[in-house]
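Protein chains in written order, with our numbering: chain P, 1 to 125; chain X, 1 to 190.
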Amino acid sequence: MSALNLQLADAKTKYRPGERLEGVAFWELSEKPRSLEVRLYWRTQGKGTVDLEIVRSVAFDGVALNDRRPFSMELPPGPYSVSGKLVSIVWGVELVAEPGGQSDHLEITISPSGEEVRLDRGGKS
Amino acid sequence: MRARDNPFRSERVLSLRYRLGGNWDALLARFERLGRRAAVVGPHGSGKTTLLEDLAPRLREAGFTTRPLRLDTETPRFEPGFLDRFFASLGPRDLILFDGAEQLGALAWHRFERRARAAAGLLVTQHRPGRLPTLVETSTTPELLETLVAQILGDAAELRPTLPALFERHQGNLRDALRELYDRYAAVSI
């Protein structure tokens, strides 16, 4: 049985633009993966087409079947985590093993206050 | 309600799969009998695109390489030179899945269809029958709308009384009916 896990430092999920995101990826795999990487992405959710962009990625080299690696990446200036009636922008971090696409992911927020900006409340969190 | 919490957000609606009346093997066998050149025919919002998407992995399992093409009212034609590159790259096991073939005018369709004979197959979606033999006709019912709503919400009891009128208002276009439900939920203040 395989397992992939992500843990963010201090279990933090609220970040400010430009801040460093740090964490640990650990896994227990039954087969050696071709690639294993942590990706920082945002995606839209709502009424329209789903957009997704992978903003940063950290690839791990020479991985063992059971391993544990720290990672760190600087968060971009935007877009902020926002939600309105029509669209939300949701940030996430995922650990993905290929082939197979097995993954673990965590949702985070990025904004000046660290809270999701609510467009339906005049920009207040 | 936040867009991300709306049960009718597009990622949820797109996760609904086509509910085929018969079985997939029979449909694939019919496609073979039609010489692998056929059309999925049905009105707007009746599941043609979903059916095409759901057929793709089954065709790949059968040993074909699926080559998707899509036109719609927002993108009604291919960019200049695109089809030349597309047809030049076709392999002998490539099967073209063309969603929105009705966007091509008669002459453009005639050219396209002739060039597509080099492919292992051609499956298109269109609103009316005629250009290729019909593989399957997609249709909708108020009961199907209720089934899909129940699948999204877990239970359609609260909305059930309103669904027949919703179905009628959108003339059976389930995509538009589900979008209206999105708007209803979006209006809820949470």
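Glycine included, C-beta positions come from ideal geometry on N, C-alpha and C.
(message) Closer than 9 Å between beta carbons: that is the criterion. Which residues of the segment 22-47 of chain P meet it against chain X?
(response) 43, 44, 45, 46, 47
(request) Give a yes or no on whether the minimum CB-CB distance between residue 179 (chain X) and chain P is below 8 Å. (result) yes
(request) Would you tell me roughly how many angstroms separate the C-alpha atoms of residue 103 (chain X) and residue 22 (chain P), rounded to the nearest one? (result) 49 Å
(request) Kindly indicate if chain B contains any beta-carbon less than 8 Å away from that of residue 11 (chain X). (result) The displayed structure is made up of protein chains P and X, and chain B is not among them.
(message) For a test of the three-state rule: what should DSSP assign to residue 162 (chain X), helix, strand or coil?
(response) helix
(request) Report, in whole angstroms, the separation of the C-beta atoms of residue 31 (chain P) and residue 58 (chain P), which I expect to be a contact under 8 Å. (result) Not quite, the Cβ-Cβ distance comes to about 21 Å (not below 8 Å), so this is no contact.
(message) I need the straight-line Cα distance from residue 51 (chain P) to residue 89 (chain P), nearest angstrom please.
(response) 9 Å
(message) Could you tell me the alpha carbon to alpha carbon distance between residue 158 (chain X) and residue 149 (chain X), rounded to whole angstroms?
(response) 10 Å
(message) Considering only heavy atoms of the ligand SAM, does any lie closer than 7 Å to the CB of residue 118 (chain P)?
(response) The ligand SAM is absent from the structure shown, which contains no ligands of any kind.
(request) Go ahead and label residue 116 (chain P) buried or exposed: buried means 16 or more other beta carbons lie within 10 angstroms of its beta carbon, across all protein chains shown. (result) buried
(request) On a CA-only basis, which of X:89, X:94, X:117, X:78 is nearest residue 101 (chain X)? Give me that one, please. (result) From the listed residues X:89, X:94, X:117, X:78, the smallest Cα separation to residue 101 (chain X) is found for X:78.
(message) My output table needs one value for residue 57 (chain X): the three-state DSSP class, helix, strand or coil.
(response) If DSSP states are grouped into helix, strand and coil, residue 57 (chain X) belongs with the helices.
(message) My assumption, with CB atoms under 8 Å, is that residue 110 (chain P) sits in contact with residue 17 (chain P). Please give the rounded CB distance.
(response) Yes, they are in contact, since the Cβ atoms of residue 110 (chain P) and residue 17 (chain P) sit about 6 Å apart, within 8 Å.
(request) Can you have a look at residue 67 (chain X) and say buried or exposed, based on whether 16 or more other CB atoms are within 10 angstroms of its CB? (result) buried
(message) Can you find the residues in the same chain that come closer than 6 Å, C-beta to C-beta, to residue 50 (chain X), ignoring five residues on each side of it along the sequence?
(response) 18
(message) For a contact defined as C-beta to C-beta under 8 Å, what are the partners of residue 87 (chain P) on chain X?
(response) 3
(request) Give a yes or no on whether the minimum CB-CB distance between residue 186 (chain X) and chain P is below 8 Å. (result) By this cut-off, residue 186 (chain X) is an interface position.
(request) Using only alpha-carbon positions, find the residue among X:95, X:108, X:36 that is nearest to residue 71 (chain X). (result) X:108
(message) Output needed for residue 97 (chain P): all residues of its chain with C-beta closer than 8 Å, excluding positions within five of it in sequence on either side, in chain order.
(response) 2, 4, 27, 29, 33, 35, 36, 103
(request) Report the neighbours of residue 90 (chain P) on chain X: residues whose CB is nearer than 9 Å to its CB, in chain order. (result) The contacting residues are 4.
(request) Output the distance between the C-alpha atoms of residue 52 (chain X) and residue 41 (chain P), rounded to the nearest integer angstrom. (result) Taking the straight line joining both Cα atoms gives about 29 Å.
(message) Whole angstroms are fine: how far does the CA of residue 80 (chain X) sit from the CA of residue 112 (chain X)?
(response) 14 Å
(request) Would you mind telling me which residues of chain X sit closer than 7 Å to residue 83 (chain P), beta carbon to beta carbon, in chain order? (result) Those within 7 Å of residue 83 (chain P) in chain X are 2, 3, 4.
(request) Starting from the beta carbon of residue 49 (chain P), find every residue of chain X whose beta carbon is closer than 8 Å, and list them in chain order. (result) Here the neighbours are 10.
(message) Rounded to whole angstroms, what is the Cα-Cα separation between residue 86 (chain P) and residue 112 (chain P)?
(response) 22 Å
(message) Quick check: the segment 128-139 of chain X against the segment 31-49 of chain X, are at least 3 beta-carbon pairs closer than 8 Å?
(response) yes
(message) Rounded to whole angstroms, what is the Cα-Cα separation between residue 96 (chain X) and residue 23 (chain X)?
(response) 22 Å
(message) Restricting to Cα atoms, I'd like to know which of X:93, X:179, X:129 is closest to residue 61 (chain X).
(response) X:93
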